[in-house]
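Notes follow the structure.
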Amino acid sequence: MSISENIIKIKSSIPSNVTLVVVTKTQPIEKLMDVYETGHHIFGENKVQEMLDKYGQLPKDIEWHLIGHLQSNKVKFIAPFVTLIHSVDSLKLLQEIDKQAKKNNRVINCLLQIYIAKEETKFGLDFTEAKNLLRSDTLKQLKNIKITGLMGMATNTDNQEQIAGEFQSLKQFFDLHKHSETPNIKLETLSMGMSSDYLISIKNGSTLIRVGSSIFGNRT
Ligand SMILES: *Cc1c(COP(=O)(O)O)cnc(C)c1O
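Our numbering applies: residue 769 is where the sequence shown begins, and numbers increase by one.
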């Protein structure tokens, strides 16, 4: 099937309150234009340099989501235009995002990445660290960032019950912290689910899915 058919198929299989981020990492510009021309303008990249290159070459009404690990020294490059950073995993990183957002006269929306998988390789905060970060006085003073939700990746396994359980644990944490008194925290977005598990994630409360290979085919 073509890229546009795949996008239409995915969109028709998800509820209207769930946002699709098309993960364009490793794909060439032509393929991003194919996506753009279907009318879908929300793209996810996992590397700063690749996002910058593509941002420079594509129409300016694209929403760019950074979904991969972000180093503090690279925040300045994406601060002028990034729509949502999914991968915030420290206060230090948040402080840098705030600083660069301020320079650009913007408020940058961020998700805290929470570690829910039973794997060694994934980045993120555990629940205790996330709770402490959400309660931190330093965070309250950051005027140019807003925590708009949480992101998590389930273990890469065929065990659907395990995947569902991991998503449920994040949904539970999300619900517990939804009603924060802090002005720059408003948890609305729960970014969970990729090609292999987005249907499970939606059943368990996801409001945003990040899908690449189901649209473009397997990355080489
Ligand atoms: C690559 C990537 C995805 C998309 O994965 P697919 O299996 O291709 O859908 C989603 N989220 C993150 C953080 C990724 O790095």
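Built from N, CA and C at the ideal position, the CB exists for glycine as well. Given the structure is predicted, the values throughout are model-derived calculations rather than measurements.
Report yes if the C-beta of residue i is less than 6 Å from at least one heavy atom of ligand 1; otherwise report no.
i: I778; result: no
i: I882; result: no
i: V803; result: no
i: I835; result: yes
i: V850; result: no
i: S974; result: no
i: G961; result: no
i: N814; result: yes
Would residue i count as contacting chain B if we go by Cβ distances under 7 Å?
i: T957; result: The displayed structure is made up of one protein chain only, and chain B is not part of it.
Return the chain-ordered list of same chain residues with a C-beta closer than 8 Å to the C-beta of residue i, the five sequence neighbours on each side being excluded.
i: L926; result: Leu is not the amino acid found at residue 926; the sequence shown has Asp there. Cβ neighbours of D926 beyond the five flanking positions: none.
i: N872; result: A847, P848
i: Q863; result: T906, L910
i: Y804; result: L826, P827, I830
i: A932; result: I968, K971, N972
i: V790; result: I775, V803, H808, I810, F811, G812, V979, G980, I983
Do you know how far the Cα of residue j is from the Cα of residue i?
i: I810; j: L788; result: 7 Å
i: I846; j: E773; result: 31 Å
i: A922; j: H837; result: 16 Å
i: T794; j: I830; result: 17 Å
i: G961; j: L861; result: 24 Å
i: P796; j: A869; result: 29 Å
i: T896; j: D802; result: 42 Å
i: T851; j: E929; result: 33 Å
i: G824; j: T792; result: 15 Å
i: F891; j: E798; result: 31 Å
i: R987; j: E949; result: 43 Å
i: I968; j: K779; result: 15 Å
i: H854; j: L976; result: 11 Å
i: D965; j: P783; result: 15 Å
i: P951; j: K908; result: 7 Å
i: S959; j: S974; result: 6 Å
Quick test of your reading: residue i and residue j, contact by CB under 8 Å. State the CB separation rounded to the nearest angstrom.
i: G985; j: S963; result: About 10 Å; that fails the 8 Å criterion.
i: I953; j: I915; result: 5 Å
i: L938; j: K946; result: No, L938 and K946 are not in contact; Cβ-Cβ is about 12 Å, not under 8 Å.
i: I835; j: R978; result: 6 Å
i: L918; j: I876; result: About 16 Å separates the two Cβ atoms, so there is no contact after all.
i: L893; j: L859; result: Actually they do not touch by this definition, with Cβ atoms about 10 Å apart.
Which same chain residues end up closer than 6 Å to residue i when comparing Cβ atoms and leaving out the 5 residues on each side of it in sequence?
i: D866; result: L910, N912, I913
Short of 7 Å in beta carbon distance, which residues of its chain neighbour residue i, apart from the five on each side in sequence? Order them along the chain.
i: I771; result: K799, D802, V803, I983, F984
i: R903; result: none
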